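The working numbering puts the first sequence at residues 396 to 669.
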Amino acid sequence: MPELPEVEVWVRALRPRLEGRRIEGVTIRRNKLIAAPGVRTFRTRLRGRRIRRVRRRGKVIWVELDDGAHWLTHLRMTGWWRHHAAPQPPADRHVLAVFTLDKGQLHYRDPRRFGRMWWVRDAAPLLAPLGPEPLERAFTAAGLQKRFARRRAAVKQVLLDPAVVAGVGNIYASEACFRARLDPRTPARRLGIEEARRLHRALRAVLRRAIRLGSTVAPVVDGYAARARFRDEFAVYGRAGDACRTCGAAIRRVVIGQRSTFYCPRCQELLQER
DNA sequence: ACCACAACCTGGCCGC
DNA sequence: TGCGGCCAGGTTGTGG
């Protein structure tokens, strides 16, 4: 159930096991997994290729092949990569794809089946609609405020829009609003540059911390899963009714844009719509 | 351009 | 034990 930090942690864990490897076999057990091109073409294009580079863009795992083409995976809600040192049968029916390498094997597991893969000659058109990477320099407080300027929707909901900023999911949107001391229901366009700065800072701090602590879900590589410690540090996410760690007030849960949202009614300021 | 809402899927948990 | 209802960390498409 990955957001940016989860994907980043997994990519870092997988990179040394994938870069330089040759893809010798591709088994697709659910045709709908492949968004483009067709399943047959997808398999043909990948087989025999060497993996040049493994990257992340937003929540997308981006694999560059030795012929300059690209293999992209979006894990959506429940997608999961597992690396095995030696080939082995799929663990269960939720393993939707198996990639046999010249050394090791990669299994893609996705119970809810929302995840998708693409093979493309050029990755740019697929990635172009994404907003800036929140941990890179292109992401600025001023830019964030500008993208918020016409949006009367709640700031927390707008943070989840991949076109505004890439990779921010439901956990980190709530956590960032808490850290910025902003009520998640505040209309995005009400944010002045001061609030935008606070949110920008808070979002980056929360994402960095999650990456450093191993995010919330540990990647499984060769049967070993590191500890995922960020989960223990949630200030508000999933803590409805619990005491705020700052002021002791009871954390509230509300639904914004069909998604659960958590906040502290005392620490987080609501800017009124004019 | 923005917004609200349905759709895509399965599994886990809770209460009865 | 079974069953209904609700929940789940994401995105896209549709229609207003």
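All C-beta atoms, glycine included, are put in the ideal place defined by N, C-alpha and C.
Since this is a predicted model, take the numbers as computed values, not measurements.
One thing to note: R416 has its Cβ within 8 Å of the Cβ of L496. Each residue's CA atom was taken as its position, placing L428 and E664 some 43 Å apart. Counting only residues of its own chain and dropping the five nearest sequence neighbours on each side, A536 has a CB closer than 8 Å to the CB of I588, A591, R592, L594, H595 and R596.
In the DSSP assignment, I423 falls outside any alpha helix (DSSP H) and within the unbroken beta strand (DSSP E) covering I418 to I423. Excluding five sequence positions before and after P400, the CB atoms of its chain that fall closer than 6 Å to its own CB belong to L602, A605, I606 and S610, given in chain order.
With respect to the C-alpha of R452, the residue from E570, A561, N565 and T581 having the closest C-alpha is A561. Here the C-alpha atom of H479 lies approximately 6 Å from the C-alpha atom of G499.
Where A568 is concerned, the enclosing alpha helix (DSSP H) starts and stops at N565 to R574.
Between D461 and the set I651, L413, R532 and A408, the nearest pair of CA atoms involves L413. Here I646 is not near R654, since their CB atoms are 8 Å or more apart. Note on T641: under 16 other CB atoms within 10 angstroms of its CB, so exposed under the neighbour-count rule. Taking 8 Å as the upper bound for CB-CB distance, F543 and L586 are in contact here, some 5 Å apart. A direct Cα-Cα distance of roughly 18 Å separates D556 from A575.
CA-to-CA, the gap between V490 and E668 works out to about 47 Å. In summary, T439 is exposed, with fewer than 16 beta-carbon neighbours lying within 10 Å of its beta-carbon over all protein chains present.
As the crow flies, the alpha-carbon of G538 is around 10 Å from that of G526.
Non-local C-beta neighbours of A548 in its own chain, meaning closer than 8 Å and more than five positions away in sequence, comprise P582, A583 and G652, ordered along the chain.
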